[in-house]
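Everything on this sheet refers to the single structure shown next.
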Amino acid sequence: MRLIILIYFWLLFFCQSSLGRPEIVDIGNVIRELKSSTSCNLKDWGDISSSCRCCLVKHNLKGQSDTANINDCIKNKHCTETVLTDLGGSQARGDLVANVTKEALVAKDLTVPGLKKQLDQSTVVDILQKAESEGLIDPLGKSCIRTIQLEINSWYAAQLFLVQLSPTCQEKDYRTGYVLKGLKSPLKEIKNLAIVKKSNLISNKIKDLVITDMVFAASYLSGSSRQYIVLVEAAKGKSLRDLIKDAAKFADYDIKNATEHKKYIDSLEKIRKAYRKFGEVTADLHISNQERCSNKILCNTIIHGDLHYENVFYDESSNKIYLIDNESFANSIIKKANPANDLTRFYYFSAAIIKKSLRFPTEMSDAVLAATTLEPFLQGYLSRFLPSQKERVKTEIKEALLRNAVDILIEYKAGKPQVYDPVKLAQLQKELVEDIINKL
26 MRLIILIYFW LLFFCQSSLG RPEIVDIGNV IRELKSSTSC NLKDWGDISS
76 SCRCCLVKHN LKGQSDTANI NDCIKNKHCT ETVLTDLGGS QARGDLVANV
126 TKEALVAKDL TVPGLKKQLD QSTVVDILQK AESEGLIDPL GKSCIRTIQL
176 EINSWYAAQL FLVQLSPTCQ EKDYRTGYVL KGLKSPLKEI KNLAIVKKSN
226 LISNKIKDLV ITDMVFAASY LSGSSRQYIV LVEAAKGKSL RDLIKDAAKF
276 ADYDIKNATE HKKYIDSLEK IRKAYRKFGE VTADLHISNQ ERCSNKILCN
326 TIIHGDLHYE NVFYDESSNK IYLIDNESFA NSIIKKANPA NDLTRFYYFS
376 AAIIKKSLRF PTEMSDAVLA ATTLEPFLQG YLSRFLPSQK ERVKTEIKEA
426 LLRNAVDILI EYKAGKPQVY DPVKLAQLQK ELVEDIINKL
C-alpha cells in the first residue's frame, strides 16, 4: 500500500512538473491563458504567426530546449521557416524563443535575489528598482521611495503596499504613486487587468473620471514556488467609505456644540457632493459605451461590476472620481452587461451586505445615509440624460432598485450564507428607496 502511495505521488509530481506553469499571454492582440492543454492550431489563433508564437512559448514554459522546441513546432505545422525568420530576423534561434516568450508573457519574470513569498517594505523597493531597470515603469530618477503595508480589504489580494515617491526625500513632498498587490488568484486577475489595459476603456477619457490602470504584472520565484504581483496606479483622495466614516465620528455630537455641529454638516455636504459627482461619471461611463437597443434607455454597456464604496475614491481638490479594483470591468468589455448591476450594487453593498462590518457606520441612520448617498447619486446619474428621457430612465432605475434587485444582488453559494441580507434589503426598499426615486 505504501508503495502504491509513493508511486501515485511520484506520477503526480512528474505530470505536474512536465506540464510547466500556466501563464497569461498576449499573442496576436488576444489575451488568454496558455497551459498544457491549450491548442496552438492555426484555426484557434487565426494566423500562422500567432500559432507559431503560441507553440514556442508553450514549449518554452515546459522547459524544453530551444532546438527541440523549434523542431516540434515545425513538425506540428505551427511554425514555418519563413515565419521563424519573420519573428526573429537575424537573431539566433535560442534568442528568438526567449524574446518571443518575454514579449508574450503578461506577467514579466523578475529576478530579484532574496524575495520571499511574504514581501516586506524593503523588498517592495527592490522590486520597483528592478522593474525600473527593465523598463516596466517610468524612470524613478533620484526619487526616494517609501512603502506602507496596508490592511487587506480585497478578496483577491494576499498583500497590499502603498508606494509613495518624493523628489526631495522630505516628508512634505511624498506623494502616493502606486499600489503593489500580491495576488491570491493571479491568473484570473492578471488576465482581467490585461484585458482592461488593452481595451480603449481607459484611453477614452471621461470628464472627471479616472479609471486606475495596471502599470505592470510580474512574477518571481520564492524557493520552488512562483509568486505573482501587480503594480497599479493609486487613486487620489479618499474612498467614499472613509468619507462616511469621517462623518460618523461627529454623528453623536451635542447639538449645542456649534463647532462639532458644523463639522458634521460639512462632512455630510462633502459626501453629497462626492456621490453627486459619482452618479454623473457613472452615467457618462454607461452612456458612452452602451449598445443600441430599442425597448429601453439603459442598454447593455460596459460596467464596473464591483461598484461599491470601497472601490470609489473622491478627490475634493480636483472634483474627480477614481475607480479602483478595475479587473471587474473585463467581463463587460468582452460582453456588455446590464447597467442595473452598478446601479444596485453601489448602494445596497454598503447598506445591506450580510457582513455587517462592511456596511455603513451604525452611528448614522439609514435615512441620513440614503439622503447623502443614494439620493445625490441618482440625481447626478439622471442629470446626464435628455429631459425627454428622464422619466423613462427613472422607471428603469426603479425597476432595478426595487423589483430586480434580488435577482441582481442575492448570490447563493453551497454551504455559505447569502451575500446580501434580504430582510434589510426589503426594509430599505420599502422605507427609503422607493420614496427617494419618486421624488427625483
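For the sequence shown, our numbering gives the first residue as 26, with consecutive numbering after it. Here a beta-carbon is modelled for each residue, glycine too, at the ideal position from N, C-alpha and C. All figures in this text were calculated on a predicted structure; none of them were measured in a lab.
Touch test, the region 111 to 131 against the region 154 to 165, Cβ-Cβ under 8 Å, three pairs minimum: no
Cβ separation of E335 and S264, assumed to be a contact under 8 Å, to the nearest whole Å: Working through the sequence shown from its first residue, we reach residue 335 at position 310. Working through the sequence shown from its first residue, we reach residue 264 at position 239. Sure, about 6 Å apart at Cβ, within 8 Å.
Distance, T284 Cα to S357 Cα: If you number the sequence shown from 1, residue 357 lands on position 332. If you number the sequence shown from 1, residue 284 lands on position 259. Distance between the alpha carbons of S357 and T284: 47 Å.
First through last residue of the beta strand (DSSP E) which encompasses V306: In the sequence shown, residue 306 corresponds to position 281, counting from 1. It is not in any beta strand (DSSP E) - V306 instead sits in the alpha helix (DSSP H) that spans A283 to N314.
Spatially closest choice to A365 from E316, N429, V188 and A395, by CA coordinates: Stepping through the sequence shown from its first residue, residue 365 is reached at position 340. Residue N429 is the option with its Cα nearest to A365.
Simplified DSSP assignment, three categories, for V131: Here residue 131 is taken as the residue at index 106 of the sequence shown, counted from 1. DSSP places V131 in coil when its eight states are reduced to three.
Alpha carbon of L205 to alpha carbon of S319, nearest angstrom: Translated into the one-based positions of the sequence shown, residue 205 becomes position 180. Translated into the one-based positions of the sequence shown, residue 319 becomes position 294. Cα to Cα, the separation comes out at about 44 Å.
Backbone secondary structure at S264 - three-state DSSP: Locating residue 264 in the sequence shown gives position 239, counting from the first residue. Three-state DSSP puts S264 in a strand.
Any beta strand (DSSP E) of 3 or more consecutive residues that is wholly inside the region 324 to 353: 337 to 340 and 345 to 348
CA-to-CA distance, K232 to I349, given in whole angstroms: The count along the sequence shown starts at 1 and reaches residue 349 at position 324. The count along the sequence shown starts at 1 and reaches residue 232 at position 207. Distance between the alpha carbons of I349 and K232: 17 Å.
D432 classed as buried or exposed, judged by whether at least 16 other C-beta atoms fall within 10 angstroms: Here the question's residue 432 lines up with position 407 in the sequence shown. That one is exposed.
CB contact flag (E341, A299, <9 Å): Working through the sequence shown from its first residue, we reach residue 341 at position 316. Working through the sequence shown from its first residue, we reach residue 299 at position 274. Closer than 9 Å, so yes.
As assigned by DSSP and simplified to three states, the class of I99: Mapped onto the sequence shown, residue 99 falls at position 74. Correct three-state label for I99: helix.
Inter-residue CB distance, A260 and S292 (contact presumed, cutoff 8 Å): Start at 1 with the first residue of the sequence shown, and residue 260 comes out as number 235. Start at 1 with the first residue of the sequence shown, and residue 292 comes out as number 267. With a Cβ gap of about 20 Å, A260 and S292 do not count as contacting.
Integer-rounded CB distance, given that E316 should sit under 8 Å from K361: Counting from one through the sequence shown, the residue named residue 361 turns up at place 336. Counting from one through the sequence shown, the residue named residue 316 turns up at place 291. Indeed, because the Cβ distance is near 5 Å, the residues count as touching under 8 Å.
C-beta atoms of L190 and S168 nearer than 9 Å: Here the question's residue 190 lines up with position 165 in the sequence shown. Here the question's residue 168 lines up with position 143 in the sequence shown. Yes, the Cβ-Cβ distance between L190 and S168 is below 9 Å.
Contact test: Q143 Cβ vs the ligand GTP heavy atom, cutoff 8 Å: For the ligand GTP, the structure offers nothing, since it holds no ligand at all.
E58 versus I220: straight-line alpha-carbon distance, rounded: By one-based count along the sequence shown, residue 58 stands at place 33. By one-based count along the sequence shown, residue 220 stands at place 195. Distance between the alpha carbons of E58 and I220 is about 12 Å.
Simplified DSSP assignment, three categories, for R57: Mapped onto the sequence shown, residue 57 falls at position 32. Reduced to three states, the DSSP call for R57 is strand.
T110, enclosing alpha helix (DSSP H) - first and last residue: For the purposes of this step, residue 110 is identified with residue 85 of the sequence shown, where counting begins at 1. E106 to G113 is the extent of the alpha helix (DSSP H) around T110.
Rounded straight-line distance, which links the Cα of A276 to that of H333: What you label residue 333 is simply residue 308 of the sequence shown in a count that begins at 1. What you label residue 276 is simply residue 251 of the sequence shown in a count that begins at 1. H333 and A276: Cα-Cα distance of roughly 22 Å.
Nearest residue (CA-CA) to E416, options E128, L175 and K321: Counted from its first residue, the sequence shown places residue 416 at position 391. It is K321.
Counted within 10 angstroms of its Cβ, other Cβ atoms place N463 as buried (16 or more) or exposed: Here residue 463 corresponds to residue number 438 of the sequence shown, with the count starting at 1. Under this definition N463 is an exposed residue.
Residue range of the unbroken alpha helix (DSSP H) whose run includes K213: Here residue 213 refers to the residue found at position 188 when the sequence shown is read from its first residue. Its alpha helix (DSSP H) spans residues P211 to K223.
Span of the alpha helix (DSSP H) around Y373: To locate residue 373, count along the sequence shown from 1; it is residue 348. That run of the alpha helix (DSSP H) goes A365 to A377.
Same chain, Cβ closer than 8 Å to S75, neighbours up to 5 away in sequence not counted: Along the sequence shown, read from residue 1 onward, the residue named residue 75 stands at position 50. These residues qualify, in order along the chain: I52, G53 and V55.
Length of the line joining the Cα atoms of F402 and F303: To locate residue 402, count along the sequence shown from 1; it is residue 377. To locate residue 303, count along the sequence shown from 1; it is residue 278. Approximately 6 Å between the Cα atoms of the pair.
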